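Student:
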Amino acid sequence: MEDADSKLTTYLLAGVALGLILGGALGYFYSQSKQPSSVSTAVVENIAEKGGLFELTISLDNNESTTVYVSKALVEKLGVQAPAPPSTQPPLKTQAPTTPPPAPEVDMDKLVDDDPVKGNPDAQVVIVEFSDFQCPFCERWAQQTLPELKQKYIDTGKVKLIYRDFPLSSLHPEAQKAAEATECADDQGKFWEFHDILFEKRSEWSGVGASKFKQYAADLGLDTAAFDACLDTDKYKDEVLDDLNAGQAVGVTGTPTFFINGQKLVGAQPFTAFETVIDEELAKPS
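Sequential numbering from 69 applies to the sequence shown in the working numbering.
(1) According to DSSP, which residues form a beta bridge with G289?
(2) According to the neighbour-count rule (16 or more other Cβ atoms, all chains shown, within 10 Å of its Cβ), is K161 buried or exposed?
(3) Does the Cβ-Cβ distance between K282 and F262 come in under 8 Å?
(4) How should V276 be labelled, buried or exposed, when 16 other C-beta atoms within 10 angstroms of its C-beta is the threshold for buried?
(5) If we count the other Cβ atoms within 10 Å of its Cβ and call it buried at 16 or more, is A351 buried or exposed?
(6) Taking a contact to mean a Cβ-Cβ separation below 8 Å, would you say A336 touches R208 in this structure?
(7) Can you check which of these residues, D190, V345, A246, T340, is closest to I230 by C-alpha distance?
(8) In its own chain, which residues sit with a C-beta less than 7 Å from the C-beta of S237, not counting the 5 before and 5 after it?
(9) Can you check the segment 211-241 for any alpha helix (DSSP H) of at least 4 residues that lies completely inside it and give the ranges in chain order?
(10) Pull up the DSSP beta-bridge partners for L333, would you.
(11) Count the C-beta pairs between the segment 194-205 and the segment 308-328 that are closer than 8 Å, then say yes if the count reaches three, no if not.
(12) For Q202, does the count of other Cβ atoms within 10 angstroms reach 16, so buried, or fall short, so exposed?
(13) Counting pairs of beta carbons, one from the segment 245-253 and one from the segment 209-222, are three or more of them closer than 8 Å?
(14) Buried or exposed for P353, please, with buried defined as at least 16 other CB atoms from any protein chain shown within 10 angstroms of its CB.
(15) Within this structure, are the beta carbons of V318 and F234 separated by less than 8 Å?
(16) Determine, using beta carbons only, whether L299 and Q256 come nearer to each other than 8 Å.
(17) For the alpha helix (DSSP H) that contains V345, what are its first and last residues?
(18) If we ignore side chains and look at the alpha-carbon of each, how far apart do D311 and T292 end up?
(19) With a cut-off of 8 Å on the beta carbons, I'd call K280 and E268 a contact; round off their distance for me.
(20) Could you give the residue range of the alpha helix (DSSP H) that holds K245?
(21) F198 lies in the alpha helix (DSSP H); which residues open and close that run?
(22) Rounded to the nearest angstrom, what separates D254 and Y304 at their Cα positions?
(23) What separation, rounded to the nearest whole angstrom, lies between the Cα atoms of Q157 and W260?
(24) The beta strand (DSSP E) with K186 in it runs from where to where?
(25) When we look at the beta-carbon of A341 and count the other beta-carbons within 10 Å, is it buried (16 or more) or exposed?
(26) By DSSP, does S274 sit in helix, in strand, or in coil?
(27) Whose C-beta lies closer than 8 Å to the C-beta of I265 among residues of the same chain, with five residues either side of it excluded?
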């Protein structure tokens with residue numbers, strides 16, 4: 069597996085390549101911003117696979133749009149995520165306000181389900197994460213930001229993290245089954261351990277799938293007969309799709325996406341972005 073510096077270099081080079089195609093606009097969009105809400109240079113409105121390539125429809129700040137064709141490998145390196153299916157999306161607007169209004173907070177009752185929880189059940193701040201185990205940016209967040217979040221807020225009882233599945237199967241063919249595998253591990257009380265293995269070894273099981281998941285179950289000391297039966301019978305297929313539908317219902321279109329006490333934060337943002345919102349929430353009367 070590549071180390072973090074190597075991966076970051078790959079993403080940046082891929083961003084530059086696609087940025088050149090768009091005259092620099094999309095390259096700027098995918099550069100790492102310190103302010104999570106300030107990036108609005110270009111938006112991928114739609115992705116479709118055509119003739120072995122991916123057709124990307126890009127909406128620019130000047131209300132114009134353009135279409136480019138790129139390889140699947142480049143799309144995956146950039147972490148470009150397909151938006152929700154057209155049937156669940158509102159029609160594209162021809163004009164956008166100069167200063168977009170802030171995103172409204174989402175009712176937490178629409179976000180919380182019987183999904184795995186890390187942290188104090190009664191924590192003042194609740195983070196709901198919609199994620200995809202095959203997504204490179206989800207991997208980066210899990211390995212770089214989550215440990216800091218855990219140390220400062222989760223282990224101290226101030227924050228609890230709820231994990232929900234949002235497999236983008238059009239880009240990540242094994243994501244659905246990976247999510248089902250974690251649910252099977254959860255039956256035996258090992259969700260977070262399996263979660264960690266899938267992100268640590270994402271490059272190993274991508275393109276392989278179920279056989280690797282069964283190997284990881286054995287490595288964790290799970291009852292492999294029960295795990296294999298769970299995975300082979302698609303026991304949690306609908307459970308995973310329920311999470312996907314719930315995410316789409318609250319406006320999730322890519323991964324990772326987070327809701328911090330209902331406030332939406334999109335992308336593999338650095339720890340400081342989470343720290344700002346969490347501290348604001350902790351300062352409110354409980």
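Ideal Cβ positions, reconstructed from N, Cα and C, are used throughout, including at glycine.
Quantities reported herein were computed from a predicted structural model and do not represent experimental measurements.
Tutor: Here's the rundown:
(1) Paired residues: none, contrary to the question.
(2) Residue confidence is low: K161 scores 42 on pLDDT, short of 50, so the model does not pin down where it sits. Its coordinate-derived value is still stated next. So K161 counts as exposed.
(3) no
(4) exposed
(5) Burial is judged here by how many other beta carbons sit within 10 angstroms of a residue's own beta carbon; A351 has fewer than 16 and is exposed.
(6) yes
(7) Comparing alpha-carbon positions, the option among D190, V345, A246, T340 lying closest to I230 turns out to be D190.
(8) A243, Q244
(9) 214-217
(10) Paired residues: F326.
(11) yes
(12) buried
(13) no
(14) P353 should be labelled exposed.
(15) no
(16) no
(17) 339-351
(18) 26 Å
(19) So it is not a contact: roughly 12 Å between Cβ atoms.
(20) 243-254
(21) For F198, no alpha helix (DSSP H) segment is defined; the enclosing uninterrupted segment is the beta strand (DSSP E) at 193-199.
(22) 11 Å
(23) Caution applies to Q157, whose pLDDT of 45 falls short of 50 and renders its modelled position unreliable; the model cannot decide the point.
(24) 185-187
(25) buried
(26) coil
(27) Y284, D287, L288
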